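Below is one structure, written out as structure tokens; the observations come after it.
Numbering (our numbering), first residue to last: 4 to 977.
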């Protein structure tokens, strides 16, 4: 296999037949309208780029559009460099009409990062660091628009060198693949950073991307590659020395032909054989001094490099530049690209070798000349900052200014790059620099590190900064300690967070606004430590202090916190939470958005947490909308995930599943931007719940498993109890009772969940216990729910849960009339709560009880009402249960939408005799235990059969399986 010839033309591909077939399958999937992605991996020089060149030509021949981007080793800090490389020219060449079709918001976001679209940038708007997911979504929308015209191949090479901002875009595309788009990535084996590896590992785990590792060529393929340049007698030794690596084989072969270079003495140096370094050194030494100088300047200028900039760095006049360039192109070390005035090295390894051999002193001056040349051009701040970072000296004001400006420019869309520039600026500040300037820059650095999830680094910066503030105002030290406490809490260190807040309290006057704010922070810390009563007591103390001072804003914060914290309790304390919430909302409604200072956004978050806990779902949607708007207006990104997640949850409760899923998706994206695993787990859990209700069972399982996995790794988070409860609930609804039961019981035992949450999740535990034939256990769980819900009779949804779970237990005990009575009460309570999905579920339960009593017409009416609600809200899984129930009472064609057409296409004749016996008993509604007793096998055997049946028939629950059977019977009768 060859690389690039001296003229920049790829030679014929050698070997890689199976690898090409694998890549061709990816193209075929995209051509057929599906999504596909693959990562090509291997050691340096193994032929990843050459393989992608070949599949690129194949894609063009098949009519694909091809977009290409490539990471570069020495410029990996440039924000969105790979995205710009791949998208700038293709999108910049679109017509005005095509660009407008992307929409104003999408175009505005793209204009922030793509130079060719800068003319489309509107008036600047304030955004948070975590709002950069809008940029990622805009890249995907553009890709989707292009792929809608004809299939598209997106090739991103050398992503082990990709900048973090581009990595986030790649991760977004892997999580949200585009139909008709084939995504091909290439990276070196074992050279990915932890962030890069995590993004790709998740895609492989989620089955959204496959992996293809390239090995060495065979000795026969090596002989074909080298043609007549190596004697047959020497081939075996030559092959062994180069390890079958195509690049090494060609480089050493080229030296033997042109330079009479060495053939032995191979050893590894940074993974590259010494013989290859020796060969490259001989090629470089064969150049004229002026050509060597320009080659080194080119290595500093970039990849591919601008010829004029390289000439300025090498200090050549135009005639010297032209002559020297001709010499370099003729040598084959560089070649012309398709862009006039831009050239590229034959291989990234050659650029690295040239850059390293130039020497530290020469490189430093070269970067200084580059920075000076770029100062007179319209060049991105990040490019100037890159060169100044390598040549700046302590006290260099020009360098410090450019680095700080570059950091500020990158902070919203590329905080990782911003952190690099701020760190570089701090290194250049002279020791005698004022404390205020160093403090301001350190705070900017801590903020961007926090924004990109590097909490430990942010903690280190803040800790060092605290040392700087020793001689200054104690209030400033207290403020920084409070920031540090929030970071400690984010890292799961509640005890350290409490210590910092307690220390900060000693630095501020008692009964001051600052003291009250710190005490509120202590109350939230008590919540993290599960000391709920103390948290409520502290918030009450803050309210008293605020009213004594007549501080309206502080009073609002204390009242809102009190409302939230009291929702963790029962009885009178929980009732008081409602009064506190009403008072906080009255204060909030007197303030316009412009009158709400940054400090009050935390209070608004407490309001919406209290509202959803008290089943005020319309209020939750209203005030989360306001919170989202305020976060984006003020640049307060920390609370945005909370507002999005809570809004998605409230919409779920109202039955607005599609809208709720959109919001939950956005919450996940924002949490990922923060690189905050506990927040990701929380948002993924709500997404799991909604996906399950919509009937997307596989996606729900993936999201739920991801959330639980995160929680297992970080069990001390604020909402660690939430993922196992949600995933357990979803598993139970899908018929996986044992695993779901274990998760719900484990969450209660491990995390000590708020007592007020038990009525929400334990009804599913009752369902699992009944399905497993454990009626006494179901009775125990039902009584727990009743004890807690009876302490909050003013919350109708919780009362509805007690009535519905009691009805299920009574139904299992054969007390049908009493079960029907309780189910009817559940319907009434759920109607009061405004939870339409729960109303429909209760009607389904009531219908079953009525059918058992022989009242089929009444049962039919309940089932039909339930089906209408489920279908109107796209709750596909629950709708399937309602259709099945209607068929059982003799309704062949359920009202509303017809059963899925796939029901008439299932090959039940392919089932084994034992599988058929199990299916027949599931249709009768028998539990796993009952089926195991009928067939004289263990329950685990029945569960294993069910797993295989679900996979074979393409269903995910017992209800879907039974509905499928009923649909098949209907089809045969018609």
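Ideal Cβ positions, reconstructed from N, Cα and C, are used throughout, including at glycine.
Since we're looking at a predicted model, the values are computed, not measured.
Residue i: first and last residue of the uninterrupted beta strand (DSSP E) it sits in
i, result
"residue 561", "Here residue 561 belongs to no beta strand (DSSP E); instead the alpha helix (DSSP H) covers 555 to 569."
"residue 38", "Segment: none, residue 38 is in no beta strand (DSSP E) and carries neither H nor E."
"residue 347", "345 to 348"
"residue 111", "It is not in any beta strand (DSSP E) - residue 111 instead sits in the alpha helix (DSSP H) that spans 107 to 116."
Burial state of residue i (16 or more Cβ within 10 Å)
i, result
"residue 367", "exposed"
"residue 91", "buried"
"residue 527", "buried"
"residue 1013", "Residue 1013 is absent from the structure shown; the chain starts at 4 and stops at 977."
"residue 274", "Low per-residue confidence applies at residue 274: pLDDT is 48, beneath 50, and the placement is therefore not dependable, though the value from the model is reported in the following sentence. Exposed."
"residue 88", "buried"
"residue 451", "buried"
"residue 630", "buried"
"residue 884", "buried"
"residue 306", "buried"
"residue 514", "exposed"
"residue 99", "exposed"
"residue 333", "exposed"
"residue 121", "exposed"
"residue 797", "exposed"
"residue 371", "buried"
Residue i - DSSP class collapsed to helix/strand/coil
i, result
"residue 309", "strand"
"residue 934", "helix"
"residue 853", "helix"
"residue 699", "coil"
"residue 342", "coil"
"residue 869", "helix"
"residue 247", "coil"
"residue 761", "helix"
"residue 230", "coil"
"residue 679", "coil"
"residue 704", "helix"
"residue 784", "helix"
"residue 753", "Only weak support is given to the placement of residue 753: the predicted model assigns it a pLDDT of 46, under 50, and the value that follows is read from those uncertain coordinates. In the structure shown, residue 753 sits in a helix (DSSP, three-state: H, G or I)."
"residue 17", "coil"
"residue 687", "helix"
"residue 414", "coil"
"residue 98", "coil"
Endpoints, alpha helix (DSSP H) assigned at residue i
i, result
"residue 363", "363 to 378"
"residue 399", "Counting along the chain, residue 399 falls outside any alpha helix (DSSP H), and DSSP gives it neither H nor E."
"residue 599", "Taken as a continuous stretch (DSSP letters only), residue 599 belongs to no alpha helix (DSSP H), as it is neither H nor E."
"residue 337", "Segment 337 to 339 is the beta strand (DSSP E) holding residue 337; no alpha helix (DSSP H) there."
"residue 827", "819 to 836"
"residue 807", "799 to 816"
"residue 358", "351 to 360"
"residue 492", "477 to 493"
"residue 498", "497 to 508"
"residue 1", "Because the chain spans 4 through 977 in this model, residue 1 falls outside it and cannot be assessed."
"residue 173", "167 to 178"
"residue 385", "384 to 394"
Residues that DSSP places opposite residue i in a beta bridge
i, result
"residue 159", "72 and 188"
"residue 221", "DSSP output for residue 221 lists no bridge partner at all."
"residue 215", "43"
Under 8 Å between C-beta atoms of residue i and residue j
i, j, result
"residue 829", "residue 806", "yes"
"residue 541", "residue 519", "no"
"residue 788", "residue 767", "no"
"residue 837", "residue 657", "yes"
"residue 562", "residue 759", "no"
"residue 30", "residue 159", "no"
"residue 794", "residue 510", "no"
"residue 538", "residue 559", "no"
"residue 428", "residue 407", "yes"
"residue 921", "residue 952", "yes"
"residue 503", "residue 523", "no"
Closer than 7 Å: residue i CB and nearest the ligand MN heavy atom
i, result
"residue 490", "As far as ligands go, the structure on display features none, and thus does not contain the ligand MN."
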